[in-house]
Structure formats: C-alpha cells, structure tokens
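The opening residue of the sequence shown carries number 1 in UniProt numbering; numbering runs sequentially from there. Just so it is clear, CB atoms sit at the ideal spot from N, CA and C, and this is done for glycine as well. First the structure, in the form of structure tokens, and then the observations on it.
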Amino acid sequence: MAAEDPSPTLTQEQTSALFNILTHFETYDEIESLKDPKTISNYGYPFNNPAGNTPSPPSKNGRSSSPAGSTKSSNSGKSWKSALSSGKDSTASRPAQITASDASVAESPILQSIFKRVPLTLPGVREIPPEFWSDRLQVLIKKFAEADLSESYDKGAMGTRKTLATAFSVMMETLARGLFGGCPTSTTGGRSDKYDLKKAEDLEKSFADAMHEFVYGKLIDDLAGYLARSEDLDAHSPMIEAVIEYEIIHLASFCHHVFVLSSEGPYLVKLIESFHSMIPYAVVRQTLRMSNAATMISAMLRLFLSKLSLGSISNYIGITRNADDGMNLLQRIISVILGWDSAEFKKTTDRIEKDADGPSKEALASLKEHMRKTPKERATIREESKKSSKSIVAVILDGTDPELAKSLSEEQHTKCQEYLAALLSIRDRDEIIGVVCKSSPDLFTQSLRDLVAGFEPYIRAIHDKVDLREHITDFQTFLDQFIAVSKGKKVVGGEADKKAGPDRYSPPSVEDYANLLRQNKSKLYKWLHYGAKSAPDVTDTFKAWADEAIVHFRKPEVPVKGSSSHVEGRMMGQLADLFSELPDDKKKEILPAIDAHAAYLDAVAQLSRSRIQDIVSGDSQTMAGPGIFLMMWQSLLDNTLITPSTAGGSVRRGRDVGDAAAEGKPGASSEDGWVGGSQIRQEAAQGLPEAPDGSAVIAALGEAFRKTIATTEGTDDGRSDASID
C-alpha cells in the first residue's frame, strides 16, 4: 500500500507571503467598513459611545463649547513641567483610559491595535480628554458615514477619497506587519563604515541597518543627543547619510505617484494651492511674536476658530440652544474651496442640460432623483449594476422607465455618466460642508480645541525657547516650491508652442521631487536641532514615548537588555498553526496562491531596486519611482470596481480607467496643461507586475486571522510591565 502524502507545511518564505496577503486584505477591509455608520459605534476603545450619538449640551443653558478664544481644558491648570514629567515614565503615568484593556473584541483589530499602541500613547494625545474620542470624533466619523458619500464605482472614475484611503490602508498594513510580525533583525552584517550613495544595494542596506538599530539598539537616544549638538544630521554617520537619501527617494516617489501618476494628482495640487493661498501666514507670524505662550495660543485659536456671529453669542449666554453660529476662519476656508469645486461641477451639468444632442430631460431628471434616494436604495442600485452587467446609469433609468435607457445612444450614455458624476461630486461637497462647517453643535471646532489643549504644555515649552516665526516662513516657502514643482516645467518650442491656448507643461519627474526635498532638508534639521537644544524636557518626553512604543515592534525571541516583554511579534508562528489546522485539500488549494504571491513580492522588490538604481545613476528623468508600498497601493487601485462604460457591459476595474478623472473636477484636465501626461501614466503602469488573486486564501483563513489578531489584542493591555535584564 502506497504511503499517504505528508500534510503540506509552510516554508518561511510562504509564511511571510501568507502574512502579507492576510494583512493586506484585512487592513483594507477594516478601513472600508468605516463607511458603515455602525462600525465606529462598535469599534471599541477609545470610541466608547455605543450609540455614536451627538452628546447633549453639558449645561442647562445650551453651551456646547468653550467661549470664543478660550483654551480652557481638562489639563489647562497643569504646569507644562508637570505635563512633561509624565513622559519620564510613559507607562506608569499614562492616564487610565489609555492603558486599560478593553473587554470588548474589536471589530477592527488591526487598526485598534496600532491606534492603542502608537498614536494614543503619544505625548499630547494621551492628555486629550476621553470626551474628545467618544463625544466628538466618534460622532464626526459616524456623520460622515451617514452622509453616504459617493463611490468610485458610481462616478465611473477613481475618486480622491478612494485614492487617499487606499494609500492610508497600505501605510497601516505596513505598520501592522511590524507590530504583529516584528521588525526583521539585520541580515547585512551590521552597520558599515561606508555606503555608496550611487548603489541601490547600499541604500537598501543602510535602511535595514538603521531599522535594526532603531528597533533593537539605541539609535533613538543617539540621534536625540546628536541633534542637541548639531543641525547637520547628514554628518552623524555614513549610515544616517545613506538612509536619509534612501528615504528622500521613496518620499519623492510617493509624491510623484500621488501628484503625477494618479488621475487625482492635478486636483490635489489645486486643492493644496487653494488652501495654502488662503492661510494668513503674515498674521500667524505676527501672533507668534507674543512672548507669553498662553496669550499666543489664545490669539491663534481666536484667529482660526472664533465665531463672531449673533448665533454664537446667543448660544453662549443661553438665549438659544444649538442655533447656527456661523463659521470660523478655518471652516470658511474649507467651505469656500469646496464651493469653488461645486461651481465647476455645476458648469458640467449646465453644459449637458443645454446640449441639443444630449440626453433627454426625463433621463437627466431621473439621475437627479437618484440623489434624493436613501443610502440603502443607492446601494441596492449599485449592487444590481454589478450583478446584471449594466451600467449604473442604465439601472437608474430602468427604475424610472426602461425605455429611457434603451433610447440612449452611446454618446448620450457617456454624457449621462458625466452628469451623474458631477451631481454626485456636488452632493459630496455639500455633505462635507454640512458635517464640518454647519453642524450644530460644532464638533469640528471643539475637537480642534481639544487637540490644542492636549498639546498646550509642549507648545508652551517650545514657544518659550524657540522662535517659531522662522520655521513658519520655512514651511510656507517649502509649500510654494512644492506647488511650483508639482505644476511641472513649461515646455518651450516644438509642437507645444504651435498650439493656441494656455501654456503647456511637462510633468515633474521623481528627480524633481527628490531635488526639492534635498534642498529643503536643512530646514527640517534646523527645526529638530533648535527643539532638541532649547527644549530638552520636550525631547526627553518624546524620546521616552518612542522607547516605549518601539518595544511593540520587536520580535519576542530577540533579547534586548532593559526591554519590556510583550505579546506582539509572534504572528508568524501563529500563522503556521492556522495553516496546519486546515484540511489537506484546502491547504493544497491555497498553496499555489501563496506561492504566486511570494513570487510577486520578489518581483516588486527587484523592480523597486532597479528603479532606485535608475534614480541614483542620474542618467535620465524617472517617471516611475521605487517602493513596494507604492506597488501594493497601486494594486488596490487597479482592483477597484468601476461601472461599465456602456449601458450593457462588463464591470471595469481601476486599471481600465486609471487615467480618467471626474468631468469638471478642477485641475482634472491635466492633458490640457501637461505634454504627454497620459502616456507617462500608461508607461508607468505597464512596468508593474500584476498582483495575484488572493481571494482563496482570504476565504480559507481571513476570519481565523481576524480572530487571532483580536485575541492577541485582548491578551495585552498596551502596557509592558516586565523587563528583560
């Protein structure tokens, strides 16, 4: 009798690939679930308002916030020295609500684990009162979910929120892998005496060496002490010089990907430029001249957050309860910028309505009526479109009169899709303005006051020692240069000059962004040096936090003298156990997908290294930067579902519409200003390996992985109370 085949087991490479698949899909699923209003109510700590409802005013006279300009908070009476001293023992002195283990199992275990161990323990954040999370931020998030902002599927193009949400997801999954898998120990032989800045291999080695010393060594303390003595961070060591160059290249690649390769890039640049132009930098600098820190903070809050309307006064003295009290400066800026966007989209709808050869009035009226449907009704229409292989426009029109969709020509259908996208964009901006600028009580403004109150001790300490005006000027100058670079270079001569119309520009390259960062890095060094030198108590507080937070990214099997014990970093062994519990036939079913993903990770790593080499060689202008992060991000965008382009057709993916933007979006017509922009995007996408399908792996292990993460979260309270000596 032939012996049975042994049960499949995972190699180390396969386990790493499995971990990558599960964290990638779980993190994005958790972020997407925030679109459901119930998610934040069931999130768990620190969002402890089960209903997620707007809190009642705290006093009988209807006051829902502090008077204009007030900085009063739960810790306003505490001296900055006492607040800073809390950082000497960040575990013992942390407020109870930060360290207490929450009894409930998180619905978003990855996000909650990261949130509890890193941001919530940050000095300043840990001083924020619990009401900020449960009564203000939680309610704001729920209001955005209830607003039912549009989907990229409905618009027929990739949206700004989808672009930013997927980028945030990949950032979080990277942190999650460090938190649950532990930072890899150095395999390069340790720090070298020399790194060749013109070799990609040396730059990658410098990053691995620096991460090892950062997580397992004393690099945090070393850098803090050095910055107190010198502002020339590059001169610290060859390793730091090389790792800074490595990070500049990756940050430049990120900027290039967001603002050039993304179809939303020109719009985001326009958004930043509009916001930047409306900030009163001169008044900010004048306010920073005040020698008394408390007076300066109060004046800054009055500048940006005060409301001088009749409603704000009557609310404060108790005559009215939650009356519309107008907008403060920050809300006015947001409202004006989004209002400009809406006006541009309105031009698109007006043009289509006036088009003699356009869709019928009945068809356009049906699309308008879709805006007034409930979120559940819109979701039902969206799902029907996906299942029936009909465009969302066709499904909407069929719901009114089946003859409407049948009577549309292909061109009219395209105009209907543009019309729907413009209507959705206008509605989105109206909803955002309603939540951020017109809600009563004004949770947005009070949330900002809470944030300032939490960081007030540190602001006071720095303001007393450092002239912040110089650094505000540096920041303003950097943004001016950043916007100029992002707009590209004017094309002189050739075909561009023969065409009538506005000036034409060539898209910026990765090198353009890298040069911008190199030119401005000294300004950041100067800020860090002045802070470390002049406010050592603040430096010590944040260094103590970093020392404590970094513990969670260590592998438990790597002993570090003085390090606290922890339960994170053990996921690789747990994944092997999860896989071993599967039936043999299921193991054999998902192993090919795991192997394909391992090969994919190797391919993107090799591609990233070759792109680094292209940049450091300086032979040409690079239009596709390195970074596994960017390629994982692009895979999420490429797999986003998009409505069919015709009334009857297959559902598209993000890769099919990668160069398209919603009609009427400011800056979206980048081809009118950029020479060859569309071709550059297509060429950059062609070089990327396609991410393999991991759905079989998720079906087999996704739920078990989530429960394992939640169990790990439940067995550790965010503290570290045992020391390895």
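Beta-bridge pairing of residue i - partner residues as DSSP gives them
i       : result
Ser-506 : Lys-489
Leu-601 : Paired residues: none, contrary to the question.
Lys-390 : Gly-648
Gly-44  : Phe-47
Trp-340 : According to DSSP, Trp-340 bridges with nothing at all.
Trp-133 : None; Trp-133 has no bridge partner.
Trp-674 : Tyr-505
Inter-residue spacing [alpha-carbon to alpha-carbon] between residue i and residue j
i       : j       : result
Ser-440 : Lys-307 : 13 Å
Arg-351 : Ala-422 : 11 Å
Ser-79  : Phe-115 : Unreliable positioning characterises Ser-79 in this predicted model, as indicated by a pLDDT of 43, which lies under 50. The coordinate reading is nonetheless provided below. Distance between the alpha carbons of Ser-79 and Phe-115 is about 27 Å.
Asp-430 : Glu-30  : 26 Å
Pro-6   : Gly-573 : 20 Å
Leu-479 : Leu-338 : 20 Å
Glu-264 : Pro-583 : 45 Å
Gly-618 : Gly-44  : 50 Å
Glu-127 : Asn-292 : 22 Å
Ser-526 : Phe-207 : According to the sequence provided, residue 526 is Lys. The question's Ser does not apply to it. Each residue's Cα considered, the two are about 23 Å apart.
Gly-648 : Leu-149 : 25 Å
Gln-686 : Glu-589 : 30 Å
Asp-357 : Gln-412 : 8 Å
Val-269 : Thr-711 : 42 Å
Ile-333 : Leu-271 : 11 Å
Gln-481 : Glu-146 : 38 Å
Ser-457 : Thr-348 : Going by the sequence as given, residue 457 is Pro instead of Ser. Computed Cα separation, rounded: 50 Å.
Phe-475 : Leu-408 : 52 Å
Pro-508 : Glu-690 : 26 Å
Ile-381 : Asn-639 : 21 Å
Tyr-226 : Leu-233 : 8 Å
Thr-541 : Tyr-530 : 16 Å
Lys-387 : Val-395 : 11 Å
Arg-117 : His-236 : 30 Å
Asn-42  : Lys-143 : 15 Å
Ser-695 : Ile-472 : 48 Å
Leu-111 : Thr-121 : 15 Å
Ile-279 : Thr-708 : 47 Å
Nearest-angstrom beta carbon gap, residue j and residue i [assumed within contact, 8 Å]
i       : j       : result
Ala-252 : Val-604 : So it is not a contact: roughly 18 Å between Cβ atoms.
Leu-288 : Leu-451 : The pair is not a contact, with the Cβ atoms about 18 Å apart (cut-off 8 Å).
Lys-489 : Tyr-505 : 6 Å
Tyr-267 : Thr-160 : 7 Å
Arg-653 : Glu-204 : Not quite, the Cβ-Cβ distance comes to about 32 Å (not below 8 Å), so this is no contact.
Phe-180 : Gly-702 : So it is not a contact: roughly 15 Å between Cβ atoms.
Ile-680 : Met-623 : 5 Å
Ile-642 : Ser-108 : Their Cβ separation, rounded to whole angstroms, is 26 Å, which puts Ile-642 and Ser-108 out of contact at 8 Å.
Ala-363 : Cys-416 : 6 Å
Where residue i sits in the DSSP three-state scheme
i           : result
Gly-625     : coil
Arg-289     : coil
Asp-36      : coil
Leu-641     : strand
Arg-372     : coil
Arg-653     : strand
Ala-103     : Here the model assigns Ala-103 a pLDDT of 40, short of 50, so the residue's position is not dependable, and the following value carries that caveat. DSSP places Ala-103 in coil when its eight states are reduced to three.
Tyr-513     : helix
residue 733 : The question about residue 733 has no answer, for the chain in this structure spans 1 to 725.
Ala-356     : coil
Ala-660     : coil
Continuous alpha helix (DSSP H) stretch holding residue i: start and end
i           : result
His-276     : 265–278
His-212     : 200–216
Met-158     : Per DSSP, Met-158 belongs to no alpha helix (DSSP H) and is neither H nor E.
Met-327     : Met-327 -> no alpha helix (DSSP H), and no H or E assigned at all.
Trp-545     : 536–550
Glu-690     : Counting along the chain, Glu-690 falls outside any alpha helix (DSSP H), and DSSP gives it neither H nor E.
Arg-427     : 410–437
Ala-405     : 402–406
Cys-255     : 238–256
Pro-457     : 443–465
Tyr-226     : 219–229
Leu-122     : Premise fails: Leu-122 is in no alpha helix (DSSP H) and is neither H nor E.
Val-139     : 138–146
residue 730 : Given a span of 1 to 725 for the chain in the structure shown, any question on residue 730 remains unanswerable.
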